[in-house]
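Scroll down for the structure; my scribbles are underneath it.
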Amino acid sequence: MLKKVILGLEEIGYRVIAVVCDNNSLNRKAMKMFLPEPKLSPVYPHPAHQDRPLFYVVDAVHLFKCIRNNWLNQKNAVTCFFYPRFELSNNEVHPESKMTASFKHLRDLHKEESPLLLKSGYGLTLKALNSSSFERQDVKLVLQVFNPHVAEALAARKGHTDFQHATATAEFIKIILRWWSIVNVKTPSKGFHHRNVYEEPMSNHTDDPKASFLSAFITWLDVWEFYRHDTGVLTQETFSALRLSAQSLLALGKYCVSELHFKYILLGKVQADPLESRSGQYRQMAGVQYHISVHQLCET
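If you count by my numbering, then the sequence shown holds residues 110 to 409, one letter each, in order.
Below, the structure written as structure tokens:
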């Protein structure tokens, strides 16, 4: 079915260069079928022209929520991730240095500051820290956890006995925030207005810091997965999807600027948001239901 849709779009004049979807097992299985020997890959031969690439991108919004959910679901004493040190200043990964990111510190921070009028961890809410299954679908709550104000508030508590892993937790938040800044650029001027080079579009500059970070991010994931801990790590599916998505976005960016001669590419446009928005309209028209049937979809 997916192959028919791609070929149909090509026949009416569209040029399909990527497939974007979440990390559902059915989606992974469908993409594997583009190779004679089914396997996951960031790039597949295009069904319309075998010499053209077809990129497979896992939706960044879905992955962003998966990282938060994985962290929230840790069963160790202080809800921790144990990750390798990643120096953001030079994109160096240190496998020998293990860091601890504690979700409990975020809850402690909120508890400490909730009675205060002025809060250093601005934006952090109880709902973001204790989300229900339904609320975990809301990316706004994820942005309250991965928040620069929260990272700075934790960093300021370095040395406090109640915040033993404050610095490492702040660093982890900053790593994920930088990844999110790069993959969520939807306007050419976003980085200019925010004075953040990582929120600028990916371009054809050989020293593009966004490409350098994504390459180092892939290495960081490889090292982290190699630890093979029973707890304090992402799930196997999330590791695989994050790595594959970073690889495909790097390759897609290079293809668009070098082969298609784009001046830049907005990676935030390579998401499933428009489809999710349309699905939301169908749910509203079906009586504000989250799970709707095929029959209800056709009626709306």
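Ideal placement from N, C-alpha and C gives every residue a C-beta, glycine not left out.
query                                                                                                                                                    : result
Measure how close the beta-carbons of V342 and F195 come, nearest whole angstrom, since I'm counting them as under 8 Å.                                  : The pair is not a contact, with the Cβ atoms about 15 Å apart (cut-off 8 Å).
Are I282 and V259 touching if we call contact CB-CB under 8 Å?                                                                                           : yes
Ends of the alpha helix (DSSP H) at Y165?                                                                                                                : It is not in any alpha helix (DSSP H) - Y165 instead sits in the beta strand (DSSP E) that spans 162-167.
Just to check my reading of the structure: L238 and R216 have Cβ atoms closer than 8 Å, yes? What is that Cβ distance to the nearest angstrom?           : 5 Å
Let me check understanding here. Comparing Cα to Cα, which of N182, P383, E368 lies closest to R161?                                                     : E368
Which residues share a DSSP beta bridge with T209?                                                                                                       : F191
Using 8 Å as the threshold, is the C-beta distance between P151 and S357 below it?                                                                       : yes
Can you check the segment 220-296 for any beta strand (DSSP E) of at least 3 residues that lies completely inside it and give the ranges in chain order? : none
Identify the residues that DSSP records as bridge partners of C130: which are they?                                                                      : V167
In whole angstroms, what separates the C-alpha of G268 from that of A277?                                                                                : 12 Å
DSSP three-state label for V78, please.                                                                                                                  : The structure shown does not extend to residue 78, since the chain is modelled only from 110 to 409, so the question has no answer here.
Out of curiosity, what's the CA-to-CA distance linking F149 and C175?                                                                                    : The sequence shown places Leu at residue 149, not Phe. One C-alpha to the other measures close to 19 Å.
Give me the Cα-Cα distance between D339 and L172, rounded to the nearest whole angstrom.                                                                 : 21 Å
Considering only DSSP beta bridges, list what Y391 is partnered with.                                                                                    : Paired residue(s): none; Y391 is not in a bridge.
Quick check: D131 and A325, are their CB atoms within less than 8 Å of each other?                                                                       : no
Where do the ends of the alpha helix (DSSP H) carrying P318 lie?                                                                                         : 318-335
Can you check DSSP and say which residues form a bridge with Y153?                                                                                       : L163
DSSP three-state label for V379, please.                                                                                                                 : coil
Taking the C-alpha atoms as reference points, what is the distance between S349 and V167?                                                                : 10 Å
So, with DSSP's three-state summary, where would you put S298?                                                                                           : coil
Between which residues of its own chain and N313 is the CB-CB distance below 6 Å, once the five residues before and five after are set aside?            : V366
Considering only their Cβ atoms, is the gap separating K299 from Y307 smaller than 8 Å?                                                                  : no
Would you list the one or two residues that DSSP bridges to E201?                                                                                        : E196
Spatial neighbours of W289 within its chain, please: C-beta separation below 8 Å, excluding the five flanking residues on both sides.                    : A169, F173, F255
Distance, Cα to Cα, F143 vs P154?                                                                                                                        : 7 Å
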